[in-house]
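Participant: Take this structure first; my questions come after.
In this note's numbering, the protein residues as written are 2 to 88.
Here's what the structure looks like:
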């Protein structure tokens with residue numbers, strides 16, 4: 002009887018740990034995909050700036066990108082997601 006309680010307790014801890022780890026991994030993957038998307042949008046905007054040599058304002062996939070001679074800013078709503086300043 003005691004052996005089965007110990008086994009069930011250990012099994013429930015393992016299952017719980019597995020689901021918590023899986024949730025954390027999914028959350029980290031979502032965050033990494035968002036960072037890659039932001040970096041790609043910023044790169045596209047800076048490439049366009051290099052071609053035109055004038056300020057660029059782009060709205061793409063709910064992100065606003067502003068590129069000028071001072072650097073790059075990527076906003077999502079009122080949140081600042083990425084800033085790269087030239088020195």
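Here a beta-carbon is modelled for each residue, glycine too, at the ideal position from N, C-alpha and C.
Can you give the Cα-Cα distance for residue 54 and residue 26, rounded to whole angstroms?
Facilitator: Computed Cα separation, rounded: 41 Å.
Participant: What does the alpha-carbon distance come out to for the pair residue 65 and residue 77?
Facilitator: Approximately 6 Å, taken between the alpha carbons.
Participant: If you run the structure through DSSP and keep just helix, strand and coil, what is residue 77?
Facilitator: Three-state DSSP puts residue 77 in a strand.
Participant: Excluding sequence positions up to five away, which residues of its chain have a Cβ less than 7 Å from the Cβ of residue 47?
Facilitator: Excluding sequence neighbours, residue 47 sits near 68 and 73.
Participant: Can you check DSSP and say which residues form a bridge with residue 83?
Facilitator: Paired residues: 75.
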